[in-house]
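Protein chains in written order, with the numbering used here: chain A, 4 to 364; chain B, 4 to 364.
We put the beta carbon where it would ideally sit given N, CA and C, even for glycine.
What you are looking at is a predicted structure, and each value in this text was computed from that prediction instead of being measured.
2 protein chains.
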Amino acid sequence: MNLDELTTPALVLDLGVLKRNLAMMQRAIARHPGVVLRPHLKTAKSRDVAMLAAPNFGPITVSTLAEARYFAEGGWRDQIYAVGITPQKLDAVAALNATGADVKVITDDVEAAQAIAAHPGKIRALVEVDVGEGRGGVPPDEARAIAAALGNKLAGVFTHAGHSYGGRSIPEMAAIAELERAGVVRAAEALREAGFALEIVSLGSSPTALHAERLDGITDIRAGVYMFGDLFQAQLGTHPEGDIAVTVLASVIGRKPARGALLLDSGALAMSKDRSTEKAPRDYGFGLVLDMDGGNTLGEPILARVHQEHGEAVPAPMLPIGTKLRVAPNHTCLTAAAFDRYHVVDGSREVIATWHRVNGW
Amino acid sequence: MNLDELTTPALVLDLGVLKRNLAMMQRAIARHPGVVLRPHLKTAKSRDVAMLAAPNFGPITVSTLAEARYFAEGGWRDQIYAVGITPQKLDAVAALNATGADVKVITDDVEAAQAIAAHPGKIRALVEVDVGEGRGGVPPDEARAIAAALGNKLAGVFTHAGHSYGGRSIPEMAAIAELERAGVVRAAEALREAGFALEIVSLGSSPTALHAERLDGITDIRAGVYMFGDLFQAQLGTHPEGDIAVTVLASVIGRKPARGALLLDSGALAMSKDRSTEKAPRDYGFGLVLDMDGGNTLGEPILARVHQEHGEAVPAPMLPIGTKLRVAPNHTCLTAAAFDRYHVVDGSREVIATWHRVNGW
Numbered sequence: 004m005n006l007d008e009l010t011t012p013a014l015v016l017d018l019g020v021l022k023r024n025l026a027m028m029q030r031a032i033a034r035h036p037g038v039v040l041r042p043h044l045k046t047a048k049s050r051d052v053a054m055l056a057a058p059n060f061g062p063i064t065v066s067t068l069a070e071a072r073y074f075a076e077g078g079w080r081d082q083i084y085a086v087g088i089t090p091q092k093l094d095a096v097a098a099l100n101a102t103g104a105d106v107k108v109i110t111d112d113v114e115a116a117q118a119i120a121a122h123p124g125k126i127r128a129l130v131e132v133d134v135g136e137g138r139g140g141v142p143p144d145e146a147r148a149i150a151a152a153l154g155n156k157l158a159g160v161f162t163h164a165g166h167s168y169g170g171r172s173i174p175e176m177a178a179i180a181e182l183e184r185a186g187v188v189r190a191a192e193a194l195r196e197a198g199f200a201l202e203i204v205s206l207g208s209s210p211t212a213l214h215a216e217r218l219d220g221i222t223d224i225r226a227g228v229y230m231f232g233d234l235f236q237a238q239l240g241t242h243p244e245g246d247i248a249v250t251v252l253a254s255v256i257g258r259k260p261a262r263g264a265l266l267l268d269s270g271a272l273a274m275s276k277d278r279s280t281e282k283a284p285r286d287y288g289f290g291l292v293l294d295m296d297g298g299n300t301l302g303e304p305i306l307a308r309v310h311q312e313h314g315e316a317v318p319a320p321m322l323p324i325g326t327k328l329r330v331a332p333n334h335t336c337l338t339a340a341a342f343d344r345y346h347v348v349d350g351s352r353e354v355i356a357t358w359h360r361v362n363g364w
Numbered sequence: 004m005n006l007d008e009l010t011t012p013a014l015v016l017d018l019g020v021l022k023r024n025l026a027m028m029q030r031a032i033a034r035h036p037g038v039v040l041r042p043h044l045k046t047a048k049s050r051d052v053a054m055l056a057a058p059n060f061g062p063i064t065v066s067t068l069a070e071a072r073y074f075a076e077g078g079w080r081d082q083i084y085a086v087g088i089t090p091q092k093l094d095a096v097a098a099l100n101a102t103g104a105d106v107k108v109i110t111d112d113v114e115a116a117q118a119i120a121a122h123p124g125k126i127r128a129l130v131e132v133d134v135g136e137g138r139g140g141v142p143p144d145e146a147r148a149i150a151a152a153l154g155n156k157l158a159g160v161f162t163h164a165g166h167s168y169g170g171r172s173i174p175e176m177a178a179i180a181e182l183e184r185a186g187v188v189r190a191a192e193a194l195r196e197a198g199f200a201l202e203i204v205s206l207g208s209s210p211t212a213l214h215a216e217r218l219d220g221i222t223d224i225r226a227g228v229y230m231f232g233d234l235f236q237a238q239l240g241t242h243p244e245g246d247i248a249v250t251v252l253a254s255v256i257g258r259k260p261a262r263g264a265l266l267l268d269s270g271a272l273a274m275s276k277d278r279s280t281e282k283a284p285r286d287y288g289f290g291l292v293l294d295m296d297g298g299n300t301l302g303e304p305i306l307a308r309v310h311q312e313h314g315e316a317v318p319a320p321m322l323p324i325g326t327k328l329r330v331a332p333n334h335t336c337l338t339a340a341a342f343d344r345y346h347v348v349d350g351s352r353e354v355i356a357t358w359h360r361v362n363g364w
C-alpha cells in the first residue's frame, strides 16, 4: 500500500520522525538521573506508539477513562489519569485496578479527596498543585488539607506548567520549568514534614521536560505532544521545524486561480479549528500545506480558511484536481483525534503499518 | 438509564427539540410547492435522525464517502455528495451506485468533469456554481464548459450560499437567498438554452432554506444544521434560542472560587475549538453552560477557555465536584463529531435510546 492509494483525508505518521522526537526527549530526561519519563498518551492514543514511547510497559499518563482501559488491557499498568477525578468515575478506576492495573487519579478538592478515601476499591491519588498555570490545582501551601482527606490513599503530588506554552525562548522555558519544580517540591516537602509519605512528585509539559535545568526532588516527568510535534511546538523550540511526525494527507478538490487558492478536502473536521499559532511568531492559519513527501516545495501555502470538509490553501500553485498533499497541524492532539487510525510511513510513500487510536471517553 | 448515570463527557440529543426544528423547516419548505427538501446529514451522521429528517428514504445530502456508504446501505439511495469530487473517489461512488444507490457528485472543474465522463461506472454529476460565497463553484456564466465535459453524466446544477452565515437579519437572509436562487437559476437557464437537460437545480443552507421568499426554478433545497441548531444559528434566527437539540453532558471536575470558575470535563476535544460566535452579537466563548435539565438557572456561564480535556466556565456558582451540567455548542456539526453516539432524551433525564453516528471518512 502506498499513500497514493489512500482515500483522503487520512492521518499519516512518519516513524523516523517519531523515533527522532522520542530519542531527543530520552536524552533530555537522561540528564536527570533518578527521574522517570512518564509519557502522556493523550496525543498518540495508540498502543503501537506506546510500545516505543513507554517500552517494557513503563509508566504512562492518560487523559480519559477510555485510554486508561485501553492501555491497562494492553499491559501498561502504572498510570496517572491526569484530569481531575469525580466521585462518579471512581468505580471505573477501581474496576481497572482490580484487574491488576495501578491507575492513580488526581484531585485538588477536599470533598473529592474524601470520596476517594471512602471508596472501597484500590485507588491512590495525587494532590494537584497549581504552580502558575491557573487551571487545576491548589496553591502549594494548601495541599495539606487534601492530603489529609486522602489519608492512606495519598500517592504523591502533581503539577502541570501549561503556561510554559506562553514561553518564547529556551531561557524563558527553563525559568518556567524551575518555577514548576520549585512549587511542586515545596508542596512535597511541606507534606513530608507534616508526616505524609509521598511516592510520586510529578510535573510536566513537553517544553519544561526538554528545557528544565534541574529536577531535584522530582520523581516523574510527564510529556506528550513532543512525540509528534506540530507547528506550535516547533515555534516553542520543542523540536526542529521539519520534525512534525503527524500530517493529514489531503487531496486538491478545487482550484481558484483568481485568488491563488486551492481547495483541499482537509477541512475543520480533519484539521480541527485550533488556532494556537495565531499568537506565535508565524501564524499558519489552520495548517501548513506540504507536498506529498512532506517537503516545502509548494511555496508554503497555509490553510487560511476551513469549512466542515473544505480547507482553502493560499497562496498555492494551481495543481490538478486529485493531487495529494500533506498538511501539518497547528495542534497535533486535536487534529489526530478526528481519525481512528494512523497510516505509518518511514520517510517514503510506502505505508508500512496501520495503527489504531482510542478516541472518545 | 438516566443522564445521571452516564460517564461524561457525553453527547445528548433532545428528541422533542429535534422534532420542533424539523417541523419548522418542513413548514418553511411547504411554502414552495414543487421544491423538495434534501436534508444534509453532515451534522447528524445518523440513520435514526435520517428516519425523521428524510422519511421514507427520501433524498439526502452527504459530505463524506463514509456517510454515502452508511446511508446507502441503510436505504437512502438518492444522494448528493456535496463536496467537490476527485477522480480517485469515483470508483467508490460507482461501487455504491452499482448496488442500487444513486449518489450524485459535484464538480467545478473541467478536468474532473472529463474524468467523470470517462468513468465506466454509473455516476451522475452536478455543476457547482458560485453565487457569492467564494468557496467552491464557477461563476454561473462559466457552467457551460463543465456541463459539456460531463456529457450525458450531467444531472444538474448546484450552489451553496454559505455567505448567508454573514447575514444578521431576516430581510438580509432573504436577500442573500434571492441572490443564490437567481444565480443558480441563471446558470440552469443558460444551460437549458444551450440544449442541456437538467433534472436537478439545487441550492441550500439552513438560513436561506428558512428565509427564501421565492424559489422559482429550484428543485432541491439542502440544509443540515437546522435539525440540531447551535449558539451561532440561534443568533442568525435559524431557530428559537432555547431550541438547541444537541448538548454535551459534562461534570464539574474543579472549582476555583477566587476566579469564579468551574472546571468541567468538556474541553477542546468534546466541544471543538469552533469560535463562530466570536463575531456574533453574543460571544459564548466555547459554549454556554446550562443546568442538567438544559435550563438557564446557573446565570449563563460560558466556557471561556478550553484545554484538551478541561473547560473553564465563568462566571459560575461553586457547585460540588461531580455535578452534571449541559453545555450548548457554538457549532453543533463540529461538537457532535467528537462522539460516536447520541444519548437521546425527550424533555427529561431519562435516556430513551442510543443512536449511532458515522464519523470519519
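- For a Cβ distance threshold of 8 angstroms, residue set L272 and A341 of chain A lies close to A340/B, ordered along the chain.
- The residue from D286/B, E175/B and L301/B with its alpha-carbon nearest to that of L293/B is L301/B.
- The way I'd put it, the segment 242–258 of chain B does touch the segment 331–342 of chain B; three or more beta-carbon pairs between them come closer than 8 angstroms.
- Taking a cut-off of 8 angstroms for Cβ pairs, the segment 182–193 of chain B and the segment 233–242 of chain B do not touch, as fewer than three such pairs fall below it.
- At least one CB of chain A lies nearer than 7 angstroms to the CB of D112/B.
- The DSSP-derived three-state label of L14/B is strand.
- The DSSP-derived three-state label of T67/A is coil.
- Against W364/A, the close residues of chain B are T10 and P12, in the order they occur along the chain (beta-carbon pairs closer than 7 angstroms).
- Residue pairing by DSSP places R329/B opposite L252/B and L293/B in a beta bridge.
- Per the Cβ contact rule, the segment 352–364 of chain A is in contact with the segment 45–59 of chain A (3 or more Cβ pairs under 8 angstroms).
- Using a Cβ-Cβ cut-off of 7 angstroms, G325/B is close to T89, P90 and Q91 of chain A, given in chain order.
- Using a Cβ-Cβ cut-off of 7 angstroms, L337/A counts as an interface residue toward chain B, since at least one Cβ of chain B sits closer than that to its own.
- Excluding its 5 nearest sequence neighbours in each direction, K92/B has C-beta neighbours in its own chain below 7 angstroms: L68, listed in chain order.
- Taken through DSSP and simplified to helix, strand or coil, E131/A comes out as strand.
- Secondary structure at V361/B: coil, using DSSP grouped into helix, strand and coil.
- The DSSP-derived three-state label of R147/A is helix.
- Residue D81/B holds the alpha-carbon nearest to the alpha-carbon of F60/B among R72/B, S66/B and D81/B.
- Taking C-beta atoms as the reference points, A283/A and I324/B fail to come closer than 7 angstroms.
- The Cβ atoms of L16/A and V255/A do not sit closer than 7 angstroms to each other.
- For V141/B, there is no enclosing beta strand (DSSP E), as DSSP marks it with neither H nor E.
- The beta carbon of E353/B sits closer than 7 angstroms to those of N5, all from its chain and outside the five residues before and after it, given in chain order.
- Listed along chain B are G87, R138 and G139, each with a C-beta nearer than 8 angstroms to that of L266/A.
- As the crow flies, the alpha-carbon of M295/B is around 27 angstroms from that of A340/A.
- Under the Cβ criterion (8 angstroms, minimum of three pairs), the segment 83–98 of chain A counts as touching the segment 254–271 of chain B.
- Contacts with chain A at 7 angstroms (Cβ-Cβ) include I256/B.
- The alpha carbon of A215/A has as its nearest neighbour, out of I149/A, K125/A, R34/A and A150/A, the alpha carbon of R34/A.
- Linking F342/A to D277/A through their CA atoms gives a straight-line distance of about 16 angstroms.
- The continuous alpha helix (DSSP H) containing D51/B extends over residues R50 to A56.
- Residues of chain A whose Cβ lies closer than 8 angstroms to the Cβ of T162/B do not exist; the shortest such Cβ separation is about 14 angstroms.
- Your pair L206/B and A164/B checks out as a contact, with CB atoms roughly 7 angstroms apart and the cut at 8 angstroms.
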